[in-house]
């Protein structure tokens, strides 16, 4: 591992942060392809979230992660970011999400400034993860850049899919170990995605 391969974090910071992350025990099997119902499932959950958060200053509700990218193999877990303009609203959102069946799991692996909340489907079926953050957190823009970049460039998407399959095939691996091993490629793709966006890509 070379300096800078973990982005702005040092290896020590990365290890410390990931050691704090709590995640439920999940099956790491990937679907063979993209599920065409994922976009509608996101739209339905987005409307549910916005209705519950009515009155809060919500800056955006975004579908991120592999299920947001066409033709991307993924687990049946939809990742959603809810960005709030007011810091106090992030704390209030935790109670709102609990009322919708989400369970708080503390700090999100996306960034120390994100919290994540899981709603696991019956028998481990379709699940949702809501990551809450401040709207001005730079990682909020970066996760959208990453998504849009992979949507725009099939060869980049294919490289990412191949790595995901390789890592998911490792026996006895936890979800956090799987996520940590993806980190270097995610950082590299994010750097290219940020440069692409800065040059006017996807606008």
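Numbering (the numbering used here), first residue to last: 901 to 1103. Heads up, the beta-carbon is just placed ideally off N, CA and C, and yes, glycines get one too.
Asked: For residue 1069, three-class secondary structure by DSSP; Found: coil
Asked: Option in 1070, 1079, 951 and 1060 with minimal Cα separation from residue 1089; Found: 1060
Asked: Close Cβ partners of residue 1002 (< 7 Å) along its chain, the five nearest in sequence each way excluded; Found: 1017, 1018, 1019 and 1030
Asked: Residue 997: CB within 7 Å of a non-hydrogen atom of the ligand NAD; Found: In terms of ligand content, the structure shown is empty, and the ligand NAD therefore cannot be addressed.
Asked: Identity of the residues DSSP links to residue 977 by a beta bridge; Found: 1027
Asked: Assigned exposure category for residue 912 - 16 Cβ within 10 Å defines buried; Found: exposed
Asked: Length of the line joining the Cα atoms of residue 901 and residue 952; Found: In this predicted model, residue 901 has a pLDDT of only 45, less than 50, meaning its place in the structure is not dependable; the value taken from the coordinates is given anyway. Their backbone Cα atoms lie some 43 Å apart in a straight line.
Asked: Backbone CA spacing between residue 983 and residue 1057 [nearest angstrom]; Found: 25 Å
Asked: Endpoints, alpha helix (DSSP H) assigned at residue 961; Found: Residue 961 -> not in any alpha helix (DSSP H); beta strand (DSSP E) instead, spanning 958-964.
Asked: Where residue 1007 sits in the DSSP three-state scheme; Found: strand
Asked: Residue 969 and residue 1063 closer than 8 Å at C-beta; Found: no
Asked: Residue 962 to residue 1081 span [Cα, whole Å]; Found: 24 Å
Asked: Cβ distance (whole Å) where residue 848 is taken to contact residue 1040 below 8 Å; Found: Outside the shown range of the chain, which is 901 to 1103, sits residue 848, and nothing can be said about it.
Asked: Residue 1059, DSSP secondary structure in three states; Found: helix
Asked: Sequence-distant residues of the same chain with beta carbon closer than 7 Å to residue 922, five excluded per side; Found: 1005 and 1006
Asked: Reduced DSSP secondary structure (H/G/I, E/B, other) of residue 985; Found: coil
Asked: Alpha-carbon to alpha-carbon, residue 935 and residue 974; Found: 9 Å
Asked: Strand pairing of residue 1032, partner residues [DSSP]; Found: 982 and 1015
Asked: From 997, 1033, 1021 and 1047, residue whose alpha carbon lies closest to that of residue 960; Found: 1033
Asked: CA nearest to the CA of residue 1097, picked from 1084, 1053, 1024 and 1065; Found: 1053
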